[in-house]
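Notes to accompany the following structure.
2 protein chains.
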Amino acid sequence: MKRLEECIVKYGKALNKDVLKVDAFLNHQIDPDLMMELGKDFVEHFKDTPITKVVTIETSGIAPSVMLGYLLHVPVVFMKKSKSKIVDDNVYTANIHSFTKGIDYEITCSKDYLAKDDQVLFIDDFMANGEACIGGIKIIEQSGASVAGIGIVIEKAFQPGRKKVEALGYPVYSQARIASLDKDMITFVEE
Amino acid sequence: MKRLEECIVKYGKALNKDVLKVDAFLNHQIDPDLMMELGKDFVEHFKDTPITKVVTIETSGIAPSVMLGYLLHVPVVFMKKSKSKIVDDNVYTANIHSFTKGIDYEITCSKDYLAKDDQVLFIDDFMANGEACIGGIKIIEQSGASVAGIGIVIEKAFQPGRKKVEALGYPVYSQARIASLDKDMITFVEE
Numbered sequence: 000m001k002r003l004e005e006c007i008v009k010y011g012k013a014l015n016k017d018v019l020k021v022d023a024f025l026n027h028q029i030d031p032d033l034m035m036e037l038g039k040d041f042v043e044h045f046k047d048t049p050i051t052k053v054v055t056i057e058t059s060g061i062a063p064s065v066m067l068g069y070l071l072h073v074p075v076v077f078m079k080k081s082k083s084k085i086v087d088d089n090v091y092t093a094n095i096h097s098f099t100k101g102i103d104y105e106i107t108c109s110k111d112y113l114a115k116d117d118q119v120l121f122i123d124d125f126m127a128n129g130e131a132c133i134g135g136i137k138i139i140e141q142s143g144a145s146v147a148g149i150g151i152v153i154e155k156a157f158q159p160g161r162k163k164v165e166a167l168g169y170p171v172y173s174q175a176r177i178a179s180l181d182k183d184m185i186t187f188v189e190e
Numbered sequence: 000m001k002r003l004e005e006c007i008v009k010y011g012k013a014l015n016k017d018v019l020k021v022d023a024f025l026n027h028q029i030d031p032d033l034m035m036e037l038g039k040d041f042v043e044h045f046k047d048t049p050i051t052k053v054v055t056i057e058t059s060g061i062a063p064s065v066m067l068g069y070l071l072h073v074p075v076v077f078m079k080k081s082k083s084k085i086v087d088d089n090v091y092t093a094n095i096h097s098f099t100k101g102i103d104y105e106i107t108c109s110k111d112y113l114a115k116d117d118q119v120l121f122i123d124d125f126m127a128n129g130e131a132c133i134g135g136i137k138i139i140e141q142s143g144a145s146v147a148g149i150g151i152v153i154e155k156a157f158q159p160g161r162k163k164v165e166a167l168g169y170p171v172y173s174q175a176r177i178a179s180l181d182k183d184m185i186t187f188v189e190e
């Protein structure tokens, strides 16, 4: 998506070959007009897919998801992150390893907000190793709901996330696909 | 705000005389149409106030703030929560005590996203004892920016938050003001 790529080039900071900071418009400061554009782009891409719910993981997936949910007029659910094991019969849980932070954490979702007949569009701000996305899929599968699609704002295409998620049978749509990162140069996958 | 009060009555759960759960439409599952209505209501209330930035605290303040920022076409910044002391010269920090959870935590905001000439509308999902709001104000004041207004989605008006914040010289606008909570009965302040 052209406008997103322009924002990444203009405001993104490649800290090294692996880490891209987009605190200026997505992860700390949010550009709400851009969020609406991201929402519209997801709507366009998934226009032939029936969707009853948009699901994301806190925190940075919420802004684009809320715009998408608004455009589709469906509820948005954000899964919650916890550093400690949750003991609660009424939640689904999945364990996630963060390669970036070198820690494990749990994500949880109340059983009240995912139902068997839900067609879920799963949205996340980043895809790198695919761990968060696979955790999200596990929770959706636990609930009996269907994963109707997976939408990612920024994919680090040089990391194995897409391959691992597609191996589970779920195609991934990313709005920006980064081929490589360098302090002076961010390049995108040519489509 | 009538539609919000209706949602609170219909989907909110008063766990006891102090705790109201609104996981069905704000704190876990989000109703994006309602979020847009909340955004419009804030725009209407603050229509005579110049605003350059909407600032909130993660996580549940983000959805209404993004709608508000979209309607005003200004950036949204969410302050981050951390359980440990942050040592970073480039962030503003404030300590917050959570009476609900019985813990202290820090909120932080990068110095990159608050500037002296910013007119900040501070938004939060809940106001109870006012601790989070006062922490947010402290950070905005540290940056030299002005607090142009304070907008709260749900105020527990039987707790002292408003009084404490108004004592600092900042008027508070709340979209729903709860007078009392009981398992079978949620009552609102009559305006």
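Chains as they are written, first to last, in numbering that gives the first Met the number 0: chain A, 0 to 190; chain B, 0 to 190. For every residue, glycine included, the Cβ atom is placed at its ideal position computed from N, Cα and C.
Query, Result
"For the alpha helix (DSSP H) holding B/Gly-168, just list the boundary residues, first then last.", "First-last for B/Gly-168: undefined, no H or E at that position."
"Which of the three DSSP states is assigned to A/Asn-26 in this structure?", "helix"
"Within a Cβ cutoff of 8 angstroms, which residues of the same chain sit near A/Val-146, ignoring the five residues on either side of it in sequence?", "Val-119, Phe-121, Ile-136, Ile-139, Glu-140 and Tyr-169"
"What does DSSP give as the partner residues of B/Cys-108 in its beta bridges?", "B/Tyr-91"
"Could you list the residues in the region 104-129 of chain A with a C-beta less than 7 angstroms from some C-beta on chain B, going in chain order?", "Ser-109 and Tyr-112"
"Over what stretch of residues does the alpha helix (DSSP H) that includes B/Gly-101 continue unbroken?", "Premise fails: B/Gly-101 is in no alpha helix (DSSP H) and is neither H nor E."
"By the DSSP assignment, the alpha helix (DSSP H) with B/Ile-269 in it spans what residues?", "Given a span of 0 to 190 for chain B in the structure shown, any question on residue 269 of chain B remains unanswerable."
"Which residues in chain B have a C-beta closer than 7 angstroms to the C-beta of A/Tyr-91? List them in chain order.", "Result: empty, since nearest Cβ-Cβ is about 12 angstroms, beyond 7 angstroms."
"Kindly say whether A/Gly-160, judged by its beta-carbon, lies nearer than 8 angstroms to any beta-carbon of chain B.", "no"
"Do you know how far the Cα of B/Leu-14 is from the Cα of B/Thr-186?", "14 angstroms"
"Going by DSSP, what residue range makes up the alpha helix (DSSP H) through A/Lys-1?", "1-10"
"Is it the case that the Cβ atoms of A/Gly-134 and A/Ala-166 are separated by a distance below 8 angstroms?", "no"
"Any Cβ of chain B within less than 8 angstroms of the Cβ of A/Asp-40?", "no"
"Please classify A/Ile-177 as buried or exposed, where buried requires at least 16 other C-beta atoms within 10 Å of its C-beta.", "buried"
"Comparing alpha-carbon positions, which option in A/Lys-46, A/Lys-39, A/Lys-12 and A/Ile-56 lies nearest A/Tyr-104?", "A/Ile-56"
"Nearest-angstrom Cα distance between B/Ile-50 and A/Tyr-112?", "35 angstroms"
"Would you mind telling me which residues of chain A sit closer than 7 angstroms to B/Pro-31, beta carbon to beta carbon, in chain order?", "Val-65, Gly-68, Tyr-69 and Val-75"
"Is it buried or exposed for A/Ser-59, if we count other Cβ within 10 angstroms and need 16 for buried?", "buried"
"From the beta carbon of A/Glu-57, is the nearest beta carbon of chain B less than 8 angstroms away?", "yes"
"What residue range is occupied by the uninterrupted alpha helix (DSSP H) comprising A/Leu-37?", "31-44"
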